[in-house]
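Chains as they are written, first to last, in our numbering: chain A, 1 to 352; chain B, 1001 to 1352; chain C, 2001 to 2352; chain D, 3001 to 3352; chain E, 4001 to 4352.
Backbone N, C-alpha and C define an ideal beta-carbon position, used for all residues, glycine too.
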């Protein structure tokens, strides 16, 4: 379950440090706030300076007075919307969904263990059955992932790619295509699970499974797997309501458009007491606190955006392609390589 | 489980983009904040301008002074209620219920898999039993949905519509009608499940189910299905308390009535320092920030309103009619079309 | 599970509209904010006007100055307590408990289904066993409900009322009374469940239940039922801590006593700039915003109060008496009327 | 499960009223906010008046000016810490843990039901086995409770007290002591459960349990019991982090030290406009609003403190000693007194 | 499950007091807020005084005016970010994960109980099987812990250390190393579980397990153990998103840099009314309220930091090394020492 693929060793080492020493983690780029926010920040500062220079270089006296009016108006009314509040609630909702989705991903390991333990027979047919069942299980997960993850869709654009990857055989592909022609609409991710169930029933008939109880156990696990795969689909189709996301996003962006105007330095700033002009002089060159605010609120919004679709292509998203390979490899190892194998039983060191 | 019906292909493609590129999603209309808020916004602006024009065109000097008093009073006291707070808590409550309801919808797939695996016999009676059981399961769900969803109620206003849709047979309809006459009050959605149980018991007696264990497994699943269907009913009858919804709604609407008055531009605006009249000039023509505030709070309230009854007819509501068709089709496929069928067992590409 | 009793048809129709059209629901009285708040609001306004008239009619000049001091003091310090915050957290806690309690109510349906499926025999003894087991189950729930719900207690004040309602037989009552004499303290709601278990064991011995597996299944379900019934009792005895409720209630009431004083109109109102006396003139006749605030906060508090004891006699409380009747009726129907009955098996319309 | 012990009848009656009529509950003392807060309030008021009198009677003019400076400084900066916020989050965390702990307490009832149903034999050895198993279960819970509850520790300071209470026999005590000598460190609460398992295995061998299925069921339940008992221990050892509690407590206390200074009445109060000195005159004699604030925040903190250790000796804490007696009594009744007993089967009143 | 290792007896006694008397707990050092915050506080105060002395001793008049401008600017805009809000939400998220991780740690006790109850045979091979299975279970947990906890990694840097600790035998190490060479990437923590399963299957074949049902039970438990171990890994690899942590940390630190500047005492402090200079005189020597604020917010942040990686080396982190030893010891005791042993069955004191 070592989640990371090999090309990320450098970041791994770093992220290990990050977890164990907070001093380093301000410098990370990948998956960091800097990477997520820099573009928006650039646009914000651009807007700020364009307005700033326009005011100081282009406007005549009368326009300046109007501009000052606009600035004071924005500066005065800009904070009508409690950003922190709506972001706090929204991010909490999104984060709970994000983690639920991760824990919903089904793992084939326990099916493999049951299959290995209960389907007996070292002959070719026994091996075939065991391997085919776990292959079907991995196929089911992969089919679901192509529907929800652009990364996996890129890797498996058609059924032929499944065949190439060894997840699907030619004859199975033909059946799937035939069915897709006949019933085009509903997704077919449950089909491999139904096949696996039929193989289990056949194995019972042939006596390779020795009791009805084991049959029930495996079918239970297969059903659970299918249920979790279906739930992944549900998370994808029934997402956080569009309205909520729009409300939050529009609130943040309109806040910062207002802020870019309202934090302008002008000659007749409203809220500053008349005598202390040295304050605004600082603001003149760089809007430090507006930038800080931007960094903070926009960063919080980006947390939500990067979590709302965890199967996407962001840095923080789940490594689903790696997962597909790992599942097939480990499943085969459990049901085939080490079927009914265990190290010799030897006395351990605390023996009497 | 592909949730969308076919006529929504355009929105599907769009919503796919929405999920994968946030730049586009401000333009969506269906299920968007614009669609939900525009009517209320219109009313708000109408109210604003009626007051505005009245003040400037109709009132005499004395009435103007009184009006100014009212405006200042509203402007001064308008924010006594912490809208953001109550909305944050309320939306969180409603959203949790909304998602729970979705995950409560029972799927017949796992029952179908168990039925297909354990009820043997390729003869007509075997097929009849398998098909009837899953049909009863779909019938149970549909009966519950007619009670909670106006969309489904429209499609199945009477028992005859069930018969037409192939979910109910004539003889079964008669039994149901007889029972409804005898015991009118309690809902009968559990009846098909009890029938299905009886068929399972009969199948065991006839030897089509080979062990007691399988009987127990199927009955367990049937009971779970009925339990979840009953929970859907509970979500409908025991809703979020009316009081809570009223408190929130009254708070939002009274806030914006106050705001429509309080944000009026008048000659003697209280909180503006006397010298800088250019501020209010902007406010004169369009109440930008009040509109923004309206957009935000009303949008947040609409999130709650569109989620509080997820089986209704809003754009974001669950596609229950599609679901009913899908369930019956997939169930029949599993128990009948592919009963005990699986592709030929062939060596996969990683064999040895 | 149609929750409403028949005399509530009118409200049902209305509440249906409420769910499907928000325009109507401001007019509902039953279970509404108006019904819950009106009395407190009256007291608040009374207090306000008594003080108001006292100030204007009874006080001499010197007392007026003192009174003005008190008003300004209250107006200045009145909002030291963040009502919205504490109410938000408190209502969330209470609402979670409220819904948990509802979902904790055990339903006898699944026990009835299992009993009907596994206890064979159409003779009188078979029927007796099936009916008695489900009757004991309903008895257990009713005993628990008399302990937590005043409504049910009113209906079943003594064991004789159980006998009259057909939930208990004379001989069983005698056993219960004997045991209550011997061990007065612990509640006896688990006793019917133990009896039901003994009947199940006997049925197995007599061969009416055909396998040990079915025995275990029914006993499991009986235990689950007892567990949930016990949890209902726990929710009742281990309530939200008194301190928390007191803190919230005292905060709200002291806020509004302060507010009734602080929102008085007086000649020398502190926070109003000296020149614009027209503001306070409005306040003179009716404290609009204080009333609005009262409506809002008090309504929020009432949400909590009406949810904290969901088995009480409020409008929003669960219809437990209806539930008791429904449970017995449906259970009898499942285990007796339709025991091992199902409609004739006929080909459905999609057959081949 | 009637939770209250007999000496609390008065409070019971009262708390019943509390639940059903909110008018009374301001007068309760036991477990009330008054009882929890009065001592701290006294200290707060003492501090306030000591400072007050010092200022007015002891200080010379120069010291008065310094004192006024301190007061104004505290009054101005005192609210830098958002108490309500941190208390809201903290109390929510603590309350969730508190309720989780209560629901984690395992009840022996379902084990007793299973033992009674599946271990046959009315002879002495059968009775012995049934009684011993449930005694071991109660012993396990009691051992865990001595480790987490001072009340129970007081009642069972040594193993001898277990013997006296009839939970442990002499020979069992010797084994426990022998093991404690050999492996002193790990707690031994799982030992009675292991013994109970061995008795179950023996009963199976002797044919008193008739099928392997029942064995598995009982062992499952025993394991679940042990798991919950272990979780209780975990709640005790892995508490809410000390830092969090310290942060909250220090925040509240430092706030009120500041408040005791900042709410002093002094001649040159900063924030009061110069002309209206009548305001502070009120503050002169009793700091009403500071007291109210104190009552509120300190009360909220006390909610958390009284819930953080629910097995302690506060008024709101769980009645664990009562629980231990109830568990043993009810278990014995189920497995022995009413083993395989049930009332005669008689037709109920709705029979045909 | 007594969680503490022996060298912590002193702190144990103390922490016991802490739990039962809040008066003491301000004095604790280990795991306290003082220990976590002191370093950052030192840096904060250093920064404050360096700026303070620079202003008063080094700057000329003109630079002083500029400095005053900066101070006023920071003092005016410093609180743009709602620290309390974002910290409240963040700490809640982190604390939920922290407790979930603790409850995810699998305990081998119930596997040991099942193994002891169902694998019969007092001969060496029976003992070997029982001991080996629980050893494999402990090995699985330890392997996972080396991947997520630096403490455990230090203790078991290589497979040889497993061998020395008696968790792994030489021949098993060779197999593991062979497999690691062949499939380097996926973690192998599931391997011991697969081995254990094979031993269970073998025991069934040899008749040491007497029914298929027991086989299924043990494999179920083994699978559950593996699942929880895998979830621990997931918690480690899929951590709280880096962005969220960065947003919060940067917000807190930038707040206190601003605060160190903005709370400087300068001659022309903006917000103080001109006449009362005695206020700032206090601020001159020590920034009391800034320090208090620092203490509070930084302490809250440290709560999160110390909980985000509960398997680390902080004072509050879980005692995983102790756990590994305890698990092996207790497991061996259950399956070997007290296999099928229980005290003699004697009449208890309430016997008739």
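Exercise. Quick one: which chain B residues come within Cβ less than 7 Å of residue 2344 of chain C?
Worked result: By 1-based counting over the third chain, the position of residue 2344 of chain C is 344. Neighbours of residue 2344 of chain C on chain B, chain order: 1171.
Exercise. Roughly how many angstroms lie between the CA atoms of residue 2342 of chain C and residue 4224 of chain E, to the nearest whole one?
Worked result: In the third chain, residue 2342 of chain C corresponds to position 342, counting from 1. In the fifth chain, residue 4224 of chain E corresponds to position 224, counting from 1. So the two alpha carbons sit approximately 40 Å from each other.
Problem set entry | Boundaries of the alpha helix (DSSP H) in which residue 2338 of chain C is found, first to last residue | As a first step, residue 2338 of chain C must be located in the third chain, where it is residue number 338. Taken as a continuous stretch (DSSP letters only), residue 2338 of chain C belongs to no alpha helix (DSSP H), as it is neither H nor E.
Problem set entry | Residue interval of the alpha helix (DSSP H) (run including residue 1220 of chain B) | Here the question's residue 1220 of chain B lines up with position 220 in the second chain. From DSSP, the alpha helix (DSSP H) with residue 1220 of chain B extends over 1212–1237.
Exercise. Going by beta carbon distance, what residues of the same chain come within less than 8 Å of residue 234 of chain A, once the five residues before and after it are set aside?
Worked result: Along the first chain, one-based indexing puts residue 234 of chain A at 234. So the list is empty, once near-sequence residues are dropped.
Exercise. Taking 9 Å as the CB-CB cut-off, is residue 4329 of chain E touching chain D?
Worked result: Numbered from its first residue, the fifth chain carries residue 4329 of chain E at position 329. For residue 4329 of chain E, the answer is yes, since a Cβ of chain D falls inside 9 Å of its Cβ.
For this session: Keeping to the same chain, check which residues put their C-beta closer than 8 Å to that of residue 3350 of chain D; ignore five residues upstream and five downstream.
Result: What you label residue 3350 of chain D is simply residue 350 of the fourth chain in a count that begins at 1. The answer is none, since no qualifying residue turns up.
Exercise. According to a CB-to-CB cut-off of less than 7 Å, which residues of the region 216–239 of chain A neighbour chain E?
Worked result: 217
For this session: Could you pull the start and end residues of the alpha helix (DSSP H) that residue 2077 of chain C belongs to?
Result: Counting from one through the third chain, the residue named residue 2077 of chain C turns up at place 77. Note, residue 2077 of chain C: alpha helix (DSSP H), 2061–2077.
Exercise. Within the 9 Å Cβ cut-off, does residue 3077 of chain D reach chain E?
Worked result: Reading the fourth chain from its first residue, position 77 is the one you call residue 3077 of chain D. So, interface residue.
Exercise. Would a check of beta-carbon distances place residue 1101 of chain B closer than 9 Å to chain C?
Worked result: If you number the second chain from 1, residue 1101 of chain B lands on position 101. Chain C contact via Cβ: absent.
Exercise. Does any CB atom of chain B fall closer than 9 Å to the CB of residue 154 of chain A?
Worked result: One-based indexing of the first chain puts residue 154 of chain A at position 154. By this cut-off, residue 154 of chain A is not an interface position.
Exercise. For residue 2136 of chain C versus residue 2196 of chain C, is the C-beta distance shorter than 9 Å?
Worked result: One-based indexing of the third chain puts residue 2136 of chain C at position 136. One-based indexing of the third chain puts residue 2196 of chain C at position 196. Cβ distance < 9 Å, so residue 2136 of chain C and residue 2196 of chain C count as in contact.
Problem set entry | Alpha-carbon to alpha-carbon, residue 41 of chain A and residue 4220 of chain E | Start at 1 with the first residue of the fifth chain, and residue 4220 of chain E comes out as number 220. Start at 1 with the first residue of the first chain, and residue 41 of chain A comes out as number 41. One C-alpha to the other measures close to 53 Å.
For this session: Name, please, each residue of chain A whose Cβ falls closer than 7 Å to the Cβ of residue 4208 of chain E.
Result: Mapped onto the fifth chain, residue 4208 of chain E falls at position 208. Near residue 4208 of chain E there are no residues of chain A at all, since even the closest Cβ is about 12 Å away, more than 7 Å.
Problem set entry | Spatial neighbours of residue 1094 of chain B in its chain, beta-carbon cut-off 7 Å, leaving aside the 5 residues before and after | Within the second chain, the letter at position 94 stands for residue 1094 of chain B. Same-chain partners within the cutoff: 1240, 1304, 1307, 1308.
Problem set entry | Check whether residue 4204 of chain E and residue 4215 of chain E have beta carbons under 9 Å apart | Numbered from 1 along the fifth chain, position 204 holds the residue referred to as residue 4204 of chain E. Numbered from 1 along the fifth chain, position 215 holds the residue referred to as residue 4215 of chain E. A contact, by the Cβ cut-off of 9 Å.
For this session: Mind reading off the beta-carbon distance from residue 3152 of chain D to residue 3320 of chain D? Whole number of angstroms is fine, and I expect it under 8 Å.
Result: Translated into the one-based positions of the fourth chain, residue 3152 of chain D becomes position 152. Translated into the one-based positions of the fourth chain, residue 3320 of chain D becomes position 320. Yes, residue 3152 of chain D and residue 3320 of chain D are in contact; Cβ-Cβ is about 5 Å, under 8 Å.
Problem set entry | Listed by chain order, chain E residues near residue 3166 of chain D by CB distance under 8 Å | Position 166 of the fourth chain, counting from 1, holds the residue named residue 3166 of chain D. Chain E residues near residue 3166 of chain D: 4348, 4349, 4350.
For this session: Go through the region 2083–2117 of chain C residue by residue and report every complete run of the alpha helix (DSSP H) that reaches 4 residues or more, in order.
Result: 2083–2104
Exercise. Rounded to a whole number of angstroms, what is the C-alpha to C-alpha distance between residue 2169 of chain C and residue 2191 of chain C?
Worked result: The count along the third chain starts at 1 and reaches residue 2169 of chain C at position 169. The count along the third chain starts at 1 and reaches residue 2191 of chain C at position 191. Using only the alpha carbons, I get a separation of about 14 Å.
Problem set entry | Residues within the region 2255–2269 of chain C neighbouring chain B, beta-carbon criterion of under 8 Å | none
Exercise. Counting only runs that start and end within the region 3113–3163 of chain D, where is the alpha helix (DSSP H) found for 4 or more residues in a row?
Worked result: 3124–3148, 3150–3155
Problem set entry | Per-residue burial, residue 4302 of chain E [other beta carbons within 10 Å of its own, 16 or more giving buried] | The sequence position of residue 4302 of chain E within the fifth chain is 302, counting from 1. By the neighbour-count rule (16 or more Cβ atoms within 10 Å), residue 4302 of chain E is buried.
Exercise. Does the distance from the C-beta atom of residue 1253 of chain B to that of residue 2300 of chain C stay below 9 Å?
Worked result: Residue numbering aside, residue 1253 of chain B sits at position 253 when the second chain is read from its first letter. Residue numbering aside, residue 2300 of chain C sits at position 300 when the third chain is read from its first letter. Not a contact, by the Cβ cut-off of 9 Å.
For this session: Consult DSSP for residue 2178 of chain C and reduce its assignment to one of helix, strand or coil.
Result: By 1-based counting over the third chain, the position of residue 2178 of chain C is 178. Correct three-state label for residue 2178 of chain C: helix.
Problem set entry | Residues of the region 3063–3075 of chain D with Cβ closer than 7 Å to any Cβ of chain C, in chain order | none
Problem set entry | residue 196 of chain A, DSSP secondary structure in three states | By 1-based counting over the first chain, the position of residue 196 of chain A is 196. Of the three classes helix, strand and coil, the one that applies to residue 196 of chain A here is helix, per DSSP.
Exercise. Are the beta-carbon atoms belonging to residue 108 of chain A and residue 138 of chain A less than 9 Å from one another?
Worked result: By one-based count along the first chain, residue 108 of chain A stands at place 108. By one-based count along the first chain, residue 138 of chain A stands at place 138. Going by C-beta atoms, residue 108 of chain A is nearer than 9 Å to residue 138 of chain A.
Exercise. Which residues, in chain order, does the region 1105–1123 of chain B contribute to contact with chain C at a C-beta distance below 7 Å?
Worked result: none
For this session: Would you mind telling me which residues of chain B sit closer than 8 Å to residue 243 of chain A, beta carbon to beta carbon, in chain order?
Result: As a working note, residue 243 of chain A is residue 243 in the first chain. Within 8 Å Cβ-Cβ: 1031, 1032, 1033, 1036, 1299, 1302, 1303, 1306, 1316.
For this session: Return the residue from the list D:3183, D:3102, D:3120, D:3039 that minimises the CA-CA distance to residue 4325 of chain E.
Result: Here residue 4325 of chain E refers to the residue found at position 325 when the fifth chain is read from its first residue. Closest by alpha carbon: D:3183.
Problem set entry | CA nearest to the CA of residue 1159 of chain B, picked from B:1143, B:1087, B:1149 | By one-based count along the second chain, residue 1159 of chain B stands at place 159. Looking at the Cα atoms, B:1143 is the closest of the given residues.
Exercise. Can you list the residues of chain B that residue 129 of chain A reaches, using a CB-CB cut of under 8 Å?
Worked result: Within the first chain, residue 129 of chain A is the residue found at index 129, counting from 1. Those within 8 Å of residue 129 of chain A in chain B are 1345.
For this session: Leaving out five residues on either side along the sequence, give the residues of the same chain with a beta carbon under 8 Å from the beta carbon of residue 1201 of chain B.
Result: Residue 1201 of chain B sits at position 201 when you count from the first residue of the second chain. Within the same chain, residue 1201 of chain B has close Cβ partners 1215.
Exercise. Closest Cβ-Cβ distance between residue 197 of chain A and chain E: below 9 Å?
Worked result: In the first chain, the residue the question calls residue 197 of chain A occupies position 197. Taking Cβ atoms only, chain E never reaches closer than 9 Å to residue 197 of chain A, which makes this a no.
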